[in-house]
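In the numbering used here, the protein residues as written are 102 to 401.
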């Protein structure tokens with residue numbers, strides 16, 4: 102059977118998600134209280150998940166209870182906890198560069214778990230993306246906090262597993278329902294941990310409320326709806342490569358909103374990131390030849 106080429110519309114819609122995620126570091130540092138990574142992650146997931154559940158009015162059935170909690174942990178609970186730990190302990194550039202290894206991890210996991218071919222162009226795209234992100238966001242004064250580095254790597258591995266398993270366990274429901282299940286499960290898993298390990302949040306300011314509303318409703322519910330939709334239509338490595346857009350948008354927001362300088366090296370990094378995204382999509386668009394019927398019948 103011939104592999105269907107990726108639709109430009111599907112790629113564009115999926116790319117909106119990591120572009121919006123590029124605002125996470127800005128919102129975290131400028132709008133949220135510092136020192137509450139688990140609580141912030143929980144408040145980002147659980148309210149958004151409950152709102153979506155009230156909209157879809159459908160709960161998981163059978164094995165999808167377990168799968169929803171596994172994916173909720175990988176895509177939200179553990180990943181976001183590590184993301185916020187990394188964001189609090191590292192400069193945004195270092196955190197973004199560490200997380201940029203995720204597309205390469207997805208390529209390997211997709212091969213191991215669902216048998217997706219490893220295309221050399223996808224590997225090249227991954228390395229070009231890492232170099233581009235490094236040029237884009239790293240500075241000579243960037244601090245390398247060991248805990249922040251380990252948190253960033255752990256988060257990248259977690260979401261890589263979540264990305265591949267989301268494609269592998271194709272749900273029998275809409276992307277909206279699937280997003281509701283995972284967000285709610287992820288938030289519920291974080292709730293007791295946040296209550297046990299972190300102090301009570303101070304009275305929220307208007308900035309805190311606006312920041313959490315953005316991260317929860319737009320940066321979680323809306324973006325993950327697009328992300329999971331993309332995973333149902335595109336190969337995991339193609340989706341993961343779009344993640345390089347996140348640090349690019351973060352850098353542009355730092356320049357446009359915070360008045361940060363944009364150096365020639367960063368401009369080169371932007372070009373490299375865009376080239377990486379293009380290469381990543383080209384790698385997945387390569388069509389395999391149509392297999393003979395007899396061969397297809399015995400293929401695993």
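Using N, Cα and C, we set each Cβ at its ideal position, and we do this for glycine too.
In this model, residue 361 and residue 367 are separated by some 12 Å (Cα to Cα). Here residue 384 is not near residue 201, since their CB atoms are 8 Å or more apart.
For residue 283, the three-state secondary structure derived from DSSP is helix.
Closest in alpha carbon position to residue 160, among 231, 145, 356, 284, is 284. In this structure, DSSP gives residue 327 a helical state, which the three-state scheme calls helix.
Nearest Cα to residue 307 within the set 301, 260, 315: 315.
For a cut-off of 8 Å, the C-beta gap from residue 321 to residue 145 is around 5 Å, short enough to register as a contact. For residue 126, the enclosing alpha helix (DSSP H) begins and ends at 125 to 132. The criterion of a C-beta distance shorter than 8 Å is not satisfied by residue 378 and residue 278.
Judged by DSSP secondary structure, residue 118 falls within the alpha helix (DSSP H) whose first and last residues are 109 to 122. Secondary structure of residue 162 (DSSP, three-state): coil.
If the five residues before and after residue 152 are omitted, its C-beta is found closer than 6 Å to no C-beta atom of its own chain. Residue 235 carries a helical assignment under DSSP once its states are collapsed to helix, strand and coil. In the DSSP assignment, residue 248 falls within the unbroken alpha helix (DSSP H) covering 247 to 269.
The continuous stretches of alpha helix (DSSP H) do not include residue 220, and DSSP gives it neither H nor E. When only Cα atoms are considered, residue 294 and residue 209 end up about 31 Å apart. In the structure shown, residue 201 adopts coil according to DSSP, grouped into three states. Within the same chain, 259 come within 6 Å of residue 179 by CB-CB distance, once the 5 residues on both sides are set aside. Closest in C-alpha terms to residue 271, from the list 292, 235, 330, comes 330. If you draw a 10 Å sphere on the C-beta of residue 359, you find fewer than 16 other C-beta atoms in it, and that means exposed.
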